[in-house]
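There are 2 protein chains.
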Amino acid sequence: MASAAGEEGTVRFGIIGCAMIARKLSRAIGLAPNAAVVAVGSRSLEKSRRFLSDNGLDAAPSPPTVATRRSSQTRAWTPSTFPSPPASTCAGGGAAASGKHLLLEKPAALCAADLDEILAACDAAGVQFMDSTMWMHHPRTAAMRELLSDPVRFGKLRTVNSIFTFVAGPSFLENDIRVKPELDGLGALGDVGWYCIRGILWAVDYELPESVVALRRPVTNAAGVILSCGASLVWKDGQTATFHCSFLANMTIELTAVGSAGTLHAGDFVIPAEERSAAFSFSSCAEFSDLHTSWGPLPSRHVVSSGLPQEAQMVAEFSRLVGGIRGAGGKPEKKWPDITRKTQLVVDAVKASIERGFEPVVVGS
Amino acid sequence: MASAAGEEGTVRFGIIGCAMIARKLSRAIGLAPNAAVVAVGSRSLEKSRRFLSDNGLDAAPSPPTVATRRSSQTRAWTPSTFPSPPASTCAGGGAAASGKHLLLEKPAALCAADLDEILAACDAAGVQFMDSTMWMHHPRTAAMRELLSDPVRFGKLRTVNSIFTFVAGPSFLENDIRVKPELDGLGALGDVGWYCIRGILWAVDYELPESVVALRRPVTNAAGVILSCGASLVWKDGQTATFHCSFLANMTIELTAVGSAGTLHAGDFVIPAEERSAAFSFSSCAEFSDLHTSWGPLPSRHVVSSGLPQEAQMVAEFSRLVGGIRGAGGKPEKKWPDITRKTQLVVDAVKASIERGFEPVVVGS
Chain A
1 MASAAGEEGT
11 VRFGIIGCAM
21 IARKLSRAIG
31 LAPNAAVVAV
41 GSRSLEKSRR
51 FLSDNGLDAA
61 PSPPTVATRR
71 SSQTRAWTPS
81 TFPSPPASTC
91 AGGGAAASGK
101 HLLLEKPAAL
111 CAADLDEILA
121 ACDAAGVQFM
131 DSTMWMHHPR
141 TAAMRELLSD
151 PVRFGKLRTV
161 NSIFTFVAGP
171 SFLENDIRVK
181 PELDGLGALG
191 DVGWYCIRGI
201 LWAVDYELPE
211 SVVALRRPVT
221 NAAGVILSCG
231 ASLVWKDGQT
241 ATFHCSFLAN
251 MTIELTAVGS
261 AGTLHAGDFV
271 IPAEERSAAF
281 SFSSCAEFSD
291 LHTSWGPLPS
301 RHVVSSGLPQ
311 EAQMVAEFSR
321 LVGGIRGAGG
331 KPEKKWPDIT
341 RKTQLVVDAV
351 KASIERGFEP
361 VVVGS
Chain B
1001 MASAAGEEGT
1011 VRFGIIGCAM
1021 IARKLSRAIG
1031 LAPNAAVVAV
1041 GSRSLEKSRR
1051 FLSDNGLDAA
1061 PSPPTVATRR
1071 SSQTRAWTPS
1081 TFPSPPASTC
1091 AGGGAAASGK
1101 HLLLEKPAAL
1111 CAADLDEILA
1121 ACDAAGVQFM
1131 DSTMWMHHPR
1141 TAAMRELLSD
1151 PVRFGKLRTV
1161 NSIFTFVAGP
1171 SFLENDIRVK
1181 PELDGLGALG
1191 DVGWYCIRGI
1201 LWAVDYELPE
1211 SVVALRRPVT
1221 NAAGVILSCG
1231 ASLVWKDGQT
1241 ATFHCSFLAN
1251 MTIELTAVGS
1261 AGTLHAGDFV
1271 IPAEERSAAF
1281 SFSSCAEFSD
1291 LHTSWGPLPS
1301 RHVVSSGLPQ
1311 EAQMVAEFSR
1321 LVGGIRGAGG
1331 KPEKKWPDIT
1341 RKTQLVVDAV
1351 KASIERGFEP
1361 VVVGS
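First to last, the protein sequences are chains A and B.
Take the first sequence: its letter number 296 is residue 296 in my numbering, and every next letter is one higher.
Take the second sequence: its letter number 272 is residue 1272 in my numbering, and every next letter is one higher.
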């Protein structure tokens, strides 16, 4: 990373927050060919120093304000990553206002109104915004998209189901920011649910659903934070989707998209079970045999290798976009804030449906 | 089959209805070591004769009343299979009343009240009732049950999702009994949906859900018969389930059960993709790696071979139960009518929820 940091075109990152996910991001920035960590900020200098030392980083420990300072060493804006709780991502708006490109941990905000402030600041400053949904950048995702877009092999999308659950241990359920109403009040919905919703939106090529109905029996902790919930979504053209997200069930990461002619299934779509390759299965035009004693063709298994882990692919793509803006006076890629906002709108609608006793909620725009 | 038919203990079947599924059953009866077809009835003698000839059967063509006649050749009651439309399965009650054991195609009835008449007749006559849900009898199902029952490896059930869809061609959508309100008015819900619901009930060990909410955007044909629908189910102890069933989407047969410690997934749970063996995957106590860059242990793949196809296993089990009743004055096995009835109650609740504008419907008892 040290050598890369000196090269032309290297994008310099300041990281705010020293949670585990920041370690993952820091490693990813190191792996990406066009990025380097130059500063780390957290609630205390001591924590920042420890983070730098633990992760073998040659960068400056800084208070959180680092994200709002322009780099003195390059002409580029220093992008900021925020693995911080969304309740504090208002800092993101400040960073953007001072010209920092922004790679923001999910959930991007506690509600779309909060997100819109950040996005408006990015827009005004002309900086790139992207949420840190890493699986979007795995080459497997592009391979799956190619099949979903195939009018013959997949046809028209009919329904999607997504599940993301893991078992949060006692310490997580007691202390993690994702169970604290004042820090990350969206709980499992904003964490694992974010990925389920993104997976569904990805499958429908980001068309917003018409309405959302939360499923009954969500589980909340004593402070009212969601530990487990689900919802059903419908689109005006008749597509449907369901998801279930939870901190209380064995690790399960499923995405199943069923079309008029094909079926796609990935058993680890958010985090590949192995770092350097990822699989999915796809079946097309399957039919029963005579007498319905079997069926086929069977789903085929597709394995897609990835030279870099998906989080490093994300950092590389983000850095590429940043480089295009600062190098050639280019514009930020609108796709990324757009899909963040759509994801947040669905998160908001699910939460509203739970609060309104499982009534259908029209998804905002 | 001819030789088996002469052996002691062979249970003799009359088949009513000559649909494709009757051919599958007829073959299954031939494969089972303790069963034989002795009569076939349909709406016309000509159809019955053709069926016998096409399937190489040495049995008597009969009008539908065959099912209500006691076999003159053995002291056993002749069990009847009914691959007929449920609207005509009232004949099943008649068959039972005259002492025939009953293996009934799904959906067992158009509503629980109709089913109860059949079950009451079976009960009064002391005959065995079983619905023809073949996958229940595959040894894979027992292997999956063993894991679901494991308090350490699977733990407590949290959620289930099931999908069963296939593409019905133009002729099916025009002519099949499953799209005719006067024949099988439950449409996709009574057909593929029956299996989804049975899969869910199987996963919760047949505890009835507290309530059911149909998902929005079911698809019906011009006559109002369901071609595609879904629902969410909740249990008083907090378990949840969702399913989607359809005649309008690529062949997809999924069951995913997620517990507090384990996850079971079968991609062909109703009809194994191959006839003589079937697979499922199971993962237990999976955790993220350090930095959440991967996770494991990965799901393990379990393959269960079956000496007989699942439909022949079903016939053999049914015949074994019948043999136990007639040989030793045994009682019918109550498990089978019980789970048929529970499945029918959930079918009824889903249909009621659709009719009531997607309101939650308490599941009857």
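By construction, the Cβ of each residue, glycine as well, lies at the ideal position given by its N, Cα and C atoms.
Because the structure is a prediction, the values reported are computed rather than measured.
DSSP, reduced to helix, strand and coil, places B:R1356 outside both helices and strands of the structure shown, so it counts as coil.
According to the DSSP secondary-structure assignment, B:M1130 is paired through a beta bridge with B:L1103. Contact between the region 1225-1237 of chain B and the region 1118-1127 of chain B is absent: fewer than three C-beta pairs spanning the two stretches fall below 8 Å. Within its own chain, the residues whose Cβ lies closer than 6 Å to the Cβ of B:F1280, once the five positions on either side in sequence are excluded, are M1144, A1266 and H1302, listed in chain order. Boundaries of the beta strand (DSSP E) harbouring B:V1213: S1211 to A1214, taken from the DSSP string. Against chain A, a Cβ distance below 8 Å from B:R1216 picks out S211, V213, S232, V234, T240 and P360. Assignment of B:G1259 by DSSP, reduced to helix, strand and coil, places it in the strand class.
Across the region 1277-1292 of chain B, CB contacts with chain A closer than 9 Å involve S1281, S1283, S1284, C1285, A1286, E1287, F1288, S1289, D1290, L1291 and H1292, in sequence order along the chain. Under the three-state reduction of DSSP, A:E254 is assigned to strand. Relative to B:A1097, the option among B:P1107, B:V1362 and B:I1118 whose CA is nearest is B:I1118. Shown here for A:A349: same chain residues with a beta carbon closer than 6 Å to its own, the five before and five after excluded, namely V212, V361 and V363 in chain order. Note: A:N161 is bridge-paired with A:T242 and A:T256 in the DSSP secondary-structure output. The beta-carbon distance between A:K106 and B:T1293, rounded to whole angstroms, is 17 Å. This is too long to meet the 8 Å contact definition. Between the alpha carbons of B:E1174 and B:N1221 lies a gap of roughly 10 Å. The way I'd put it, the region 1256-1265 of chain B does touch the region 1152-1170 of chain B; three or more beta-carbon pairs between them come closer than 8 Å. Under the Cβ distance rule, A:V167 counts among the residues neighbouring chain B, one pair being separated by less than 8 Å. Residue pairing by DSSP places B:S1228 opposite B:V1219 and B:S1246 in a beta bridge. Under the DSSP assignment, B:P1033 falls outside any alpha helix (DSSP H); it carries neither an H nor an E label. Within 10 angstroms of the beta-carbon of B:K1335 lie fewer than 16 other beta-carbons, which makes it exposed. Under a criterion of Cβ atoms nearer than 9 Å, the residues of chain B adjacent to A:N250 are, in order, F1154, G1155, R1158, V1258, G1259, S1260, A1261, G1262, T1263, S1283, S1284, C1285 and A1286.
Contact of A:K24 with chain B is assigned, a C-beta pair being separated by under 8 Å. Contact annotation, B:A1316 with B:A1032: C-beta distance approximately 4 Å; criterion of less than 8 Å satisfied. Apart from the 5 residues on each side of it in sequence, A:G199 sits with its Cβ closer than 7 Å to the Cβ of S162, L255 and F269 in its chain, given in chain order. Of the candidates B:F1051, B:A1039 and B:V1037, B:F1051 places its Cα closest to the Cα of B:A1019.
For A:A312, the closest C-alpha among the options A:N55, A:G56 and A:P139 is that of A:P139. Runs of the beta strand (DSSP E) lying entirely within the region 294-320 of chain A and spanning at least 3 residues, in chain order: 300-305. Look at B:G1327 here: in three-state DSSP terms it is helix. Within the same chain, and ignoring the five residues on either side of B:E1359 in sequence, the residues whose Cβ sits closer than 7 Å to its Cβ are S1353.
According to the DSSP assignment, A:S284 belongs to the beta strand (DSSP E) that extends over S277 to S284. Assigned with DSSP and collapsed to three states, A:L264 falls in strand. If you check the CB distance, B:A1168 and B:D1176 come in under 8 Å. B:G1185 and B:G1193 have their C-alpha atoms spaced approximately 13 Å apart. B:V1011 is the residue among B:V1011, B:G1056 and B:A1223 whose C-alpha sits nearest the C-alpha of B:H1101. For B:P1151, no CB of chain A lies under 8 Å from its own CB, so it is not counted at the interface with that chain. Under DSSP, B:E1287 takes part in a beta bridge, and its partners are B:G1296. By the CB criterion at 8 Å, B:L1201 and B:R1341 fall outside the cutoff.
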